[in-house]
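K.L.:
Quick note on numbering: the sequence shown equals residues 21 to 458 in the numbering used here.
Using N, Cα and C, we set each Cβ at its ideal position, and we do this for glycine too.
Let me give you the structure first, and then I'll get to my questions.
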Amino acid sequence: MHFTVDAFRSTPPFDILAKLFGQPEHTDWLDESLSWKQTCYIGDWSFLPQTRFRGPGVPELFSGISVNSFRRFPVGGSKHIVQTNTHGHVMSEGILTRLDEEDYVFHGPGDWARYNLEHGDFKATAEDEDWFVYQVSGPASIPLLLDLTGDERLLDTPYMHAVPTTLAGHRVWALRQGMAGEVGFELQGPREIGGAVYDAVVQAGQKYGIRRLGNRTAPINHLENAVPTRNLDYLPALYEPEQAGFLTHLLSSPWHIPRAFIAGSFQGESLRDYYRDPVELGWTRQISFDHTFLGDAVLKKRLAKPARVLRTLVWNSDDVLDVTRSLYGDGPHPTFMDMPRDLRGHLWMDRVERDSVLAGTATSRGYSYYFRKMLSLAVLNVADAEIGTQVDVVWGNPGDPVKRIRATVAKAPFKRVRSRAELHAHLAAYRAGSGPAA
């Protein structure tokens, strides 16, 4: 199989993010986007595929295709698993939780692991799972979940650990995580009880000002907290000749090639220009060389001397307003800039230039109502990535008029990250009325 960039430059047949996250707004996207800093939200990530892996060979299976160490992985522990190919590029990523000694659940595209399982000799099995996944996050999430469960053990749950608890009369898993960069838990369990759990959280959350997260707002917490997302910030490295067998395996998967649509001013010469490695995406904490895995030699060199790093870009507000203003005049105008971001599911990748020379690429452009700024993620050359550096984003799809938008390099994540806060202290501060600092 041979894939060209042009084959990916088309318009998605539907709003992909709307299909995944559901209703666009519940109150409105401006209000909902404040929830994870001021109150709390419930967001539905049940669209993620889930795979149940069982057997003593599961750690060996994942170890060979993942950058993560598995020397320490207690029952209840969860890991952000980053899977690579022989070139060190990201193939897949997701969350793996160890439910019991030989029982694991993987949230995210599990096809790369299943493919290697089928073509290897591992004492393990894999089967589809069907769970609900509800994120409950924000400063009020902790007292809310204590009200619902009466389970004080939640306060002692380490970050990225899952504990069983009871909610709405049902046993569920509560994974402490922080997709939005705030304290919170992800509630998980069999889909048939999901409706009861969701309704109980929404009802009990009224006194805490809970918001239901719609699809217009959900991607903004990924942006503010610098969480790169497959097919929105990078292409998984599926399209190389050596992956022909794997692509055949993917034909029945909801995550195969028709899910990827490229847009933006960056025009790569091949699909490899849209791949990324874990170093470029800021996932260096996950990389361990205490085991052999696909691409380990390549990544050891890149980690020792990175060529590109992840940053946030703060777009110049006057230049952004020029793009909108152009719609009210006669004649050609730059590509429409949706608010708060494009929801059609594009990998929207724009050129970033410094002194008219390519410095990197920008993705996930979105408007943060909390910061009152247009932001994007960016993978930049190290020489151009110093905080405060001035660059230009080239805005405009191929064939449209181009608008050069000034931008300032900022840290990633852009927001202050509180997800690992000590929960006893957080709860005491919340109840005292001081809350988190801005």
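Quick check on this structure: which residue in P44, T59, A224 has the alpha carbon closest to the alpha carbon of G453?
P.N.:
Position 433 of the sequence shown holds residue 453. Ranking P44, T59, A224 by Cα distance to G453 puts T59 first.
K.L.:
Return yes when the Cβ of A246 is within less than 8 angstroms of the Cβ of N417, no when it is not.
P.N.:
What you label residue 417 is simply residue 397 of the sequence shown in a count that begins at 1. What you label residue 246 is simply residue 226 of the sequence shown in a count that begins at 1. Cβ atoms of N417 and A246: not closer than 8 angstroms.
K.L.:
Which residue's Cα is closest to the Cα of W193: A160, A200, T104, P210?
P.N.:
Locating residue 193 in the sequence shown gives position 173, where the first residue counts as 1. Cα-wise, what sits closest to W193 is P210.
K.L.:
Looking at R361: is its Cβ nearer than 8 angstroms to the Cβ of V411?
P.N.:
Counted from its first residue, the sequence shown places residue 361 at position 341. Counted from its first residue, the sequence shown places residue 411 at position 391. No; because the gap between Cβ atoms is not below 8 angstroms, this pair is not in contact.
K.L.:
Assuming Q226 is part of the beta strand (DSSP E), what are its boundary residues?
P.N.:
Within the sequence shown, residue 226 is the residue found at index 206, counting from 1. First-last for Q226: undefined, no H or E at that position.
K.L.:
Just mark H127 as buried or exposed, buried being the case when its beta carbon has 16 or more other beta carbons within 10 Å.
P.N.:
Along the sequence shown, read from residue 1 onward, the residue named residue 127 stands at position 107. H127 counts as buried, since no fewer than 16 other beta carbons sit within 10 angstroms of its beta carbon.
K.L.:
Using the C-alpha atoms, what's the distance from G234 back to D51?
P.N.:
Reading the sequence shown from its first residue, position 31 is the one you call residue 51. Reading the sequence shown from its first residue, position 214 is the one you call residue 234. Distance between the alpha carbons of D51 and G234 is about 11 angstroms.
K.L.:
With 16 as the cutoff for other CB atoms within 10 Å, does P433 come out buried or exposed?
P.N.:
Counting from 1 along the sequence shown, the entry for residue 433 is found at position 413. Around the Cβ of P433, a 10 Å sphere holds 16 or more other Cβ atoms; the residue is buried.
K.L.:
Going by DSSP in three states, F266 sits in which element: helix, strand or coil?
P.N.:
Here the question's residue 266 lines up with position 246 in the sequence shown. Correct three-state label for F266: helix.
K.L.:
So, is D404 buried or exposed, given that buried needs 16 or more other C-beta atoms within 10 angstroms?
P.N.:
Start at 1 with the first residue of the sequence shown, and residue 404 comes out as number 384. Flag for D404 reads buried.
K.L.:
Taking its Cβ as the centre, do 16 or more other Cβ atoms sit within 10 Å of G140, making it buried, or is it exposed?
P.N.:
Position 120 of the sequence shown, counting from 1, holds the residue named residue 140. Classification of G140: exposed, given that the 10 Å Cβ count is below 16.
K.L.:
For A216, I'd like the list of residues in its chain whose CB is within less than 6 angstroms of its CB, leaving aside the five on either flank, ordered along the chain.
P.N.:
Within the sequence shown, numbered from 1, the residue matching residue 216 stands at position 196. Within the same chain, Cβ atoms closer than 6 angstroms to the Cβ of A216 are found at A188, the five residues on either side in sequence being excluded.
K.L.:
What are the partner residues of M394, as DSSP defines its beta bridges?
P.N.:
The count along the sequence shown starts at 1 and reaches residue 394 at position 374. Paired residues: Y387.
K.L.:
Considering just the uninterrupted stretch of the alpha helix (DSSP H) at L137, what are its terminal residues?
P.N.:
Working through the sequence shown from its first residue, we reach residue 137 at position 117. Note, L137: alpha helix (DSSP H), 131–138.
K.L.:
Can you tell which of L319, V156, L301 has the C-alpha that lies nearest to the C-alpha of F309?
P.N.:
Indexing the sequence shown from 1 puts residue 309 at position 289. Closest by alpha carbon: L319.
K.L.:
Helix, strand or coil: how does DSSP classify H20 here?
P.N.:
Outside the displayed span of the chain (21 to 458) sits residue 20, for which this structure offers no information.
K.L.:
Quick check on K99: does DSSP put it in helix, strand or coil?
P.N.:
Translated into positions along the sequence shown, residue 99 becomes position 79. Of the three classes helix, strand and coil, the one that applies to K99 here is strand, per DSSP.
K.L.:
If you draw a straight line from the C-alpha of A327 to the C-alpha of E113, how long is it?
P.N.:
Working through the sequence shown from its first residue, we reach residue 327 at position 307. Working through the sequence shown from its first residue, we reach residue 113 at position 93. If you take the alpha carbons of A327 and E113, they lie about 22 angstroms apart.
K.L.:
Can you list, in chain order, the residues of its chain whose CB lies under 6 angstroms from that of P44, leaving out five sequence neighbours each side?
P.N.:
Start at 1 with the first residue of the sequence shown, and residue 44 comes out as number 24. Residues G234, N235, R236 of the same chain have their beta carbon placed closer than 6 angstroms to that of P44, with the five preceding and five following residues left out of the count.
K.L.:
Give the list of continuous beta strand (DSSP E) stretches no shorter than 3 residues that lie fully inside the stretch 165–195.
P.N.:
Runs found: 182–187.
K.L.:
How about V343 and K423: are their beta carbons less than 8 angstroms apart?
P.N.:
Residue numbering aside, residue 343 sits at position 323 when the sequence shown is read from its first letter. Residue numbering aside, residue 423 sits at position 403 when the sequence shown is read from its first letter. In this structure, K423 lies closer than 8 angstroms to V343 by Cβ.
K.L.:
I need the straight-line Cα distance from R451 to V25, nearest angstrom please.
P.N.:
For the purposes of this step, residue 451 is taken as residue 431 along the sequence shown, with counting starting at 1. For the purposes of this step, residue 25 is taken as residue 5 along the sequence shown, with counting starting at 1. Between R451 and V25, the C-alpha separation is close to 54 angstroms.
K.L.:
Terminal residues of the continuous alpha helix (DSSP H) containing E202?
P.N.:
Within the sequence shown, numbered from 1, the residue matching residue 202 stands at position 182. Taken as a continuous stretch (DSSP letters only), E202 belongs to no alpha helix (DSSP H), as it is neither H nor E.
K.L.:
Just how far apart, CA to CA, sit V468 and D350?
P.N.:
Residue 468 is absent from the model: the chain starts at 21 and stops at 458.
K.L.:
Using 8 angstroms as the threshold, is the C-beta distance between L395 and W335 below it?
P.N.:
Counted from its first residue, the sequence shown places residue 395 at position 375. Counted from its first residue, the sequence shown places residue 335 at position 315. A contact, by the Cβ cut-off of 8 angstroms.
K.L.:
By the three-class DSSP mapping on this structure, what secondary structure does H446 have?
P.N.:
Along the sequence shown, one-based indexing puts residue 446 at 426. Helix, per DSSP.
K.L.:
Mind checking who E373 pairs with in its DSSP beta bridge?
P.N.:
Here residue 373 corresponds to residue number 353 of the sequence shown, with the count starting at 1. The partner list for E373 (beta bridge, DSSP) reads L378, D412.
K.L.:
Using the beta-carbon count (16 or more within 10 Å), is P278 buried or exposed?
P.N.:
As a position in the sequence shown, residue 278 is number 258, starting the count at 1. Residue placement at P278 cannot be trusted, given a pLDDT of 48 that sits under 50; what the coordinates show is reported in the next sentence. Exposed, because fewer than 16 other Cβ atoms sit within 10 Å of the Cβ of P278.
K.L.:
How would you write the range of the beta strand (DSSP E) that E113 sits in, first residue to last?
P.N.:
In the sequence shown, counting from the first residue as 1, residue 113 sits at position 93. Looking at the DSSP string, the run of the beta strand (DSSP E) that includes E113 is 110–120.
K.L.:
Could you tell me whether the Cβ atoms of F98 and F152 are closer together than 8 angstroms?
P.N.:
For the purposes of this step, residue 98 is taken as the residue at position 78 of the sequence shown. For the purposes of this step, residue 152 is taken as the residue at position 132 of the sequence shown. Before going further, note that residue 98 is Ser rather than Phe in the sequence given. The answer is no: Cβ separation not under 8 angstroms.
K.L.:
What is the C-beta distance between V429 and R331, in whole angstroms, given that I count them as a contact (C-beta under 8 angstroms)?
P.N.:
Counted from its first residue, the sequence shown places residue 429 at position 409. Counted from its first residue, the sequence shown places residue 331 at position 311. Beta-carbon to beta-carbon, V429 and R331 are separated by about 5 angstroms, close enough to satisfy the 8 angstroms threshold.
K.L.:
Report yes if the C-beta distance between L243 and S384 is below 8 angstroms; otherwise report no.
P.N.:
Translated into positions along the sequence shown, residue 243 becomes position 223. Translated into positions along the sequence shown, residue 384 becomes position 364. Yes, the pair counts as a contact, with Cβ atoms nearer than the cut-off.
K.L.:
Beta-carbon within less than 7 angstroms of W49's beta-carbon, same chain only, minus the 5 sequence neighbours each way: which residues are those?
P.N.:
By one-based count along the sequence shown, residue 49 stands at place 29. Result list for W49: G234, R236, T237, P360, in chain order.
K.L.:
Drop a sphere of 10 angstroms on the beta-carbon of P354, count the other beta-carbons inside from all chains shown, and report buried for 16 or more, exposed for fewer.
P.N.:
Within the sequence shown, the letter at position 334 stands for residue 354. P354 comes out buried.
K.L.:
Given that a residue counts as buried once 16 or more other Cβ atoms are within 10 Å of its Cβ, and exposed if not, what is K57?
P.N.:
The residue given as residue 57 occupies position 37 in the sequence shown. K57 should be labelled buried.
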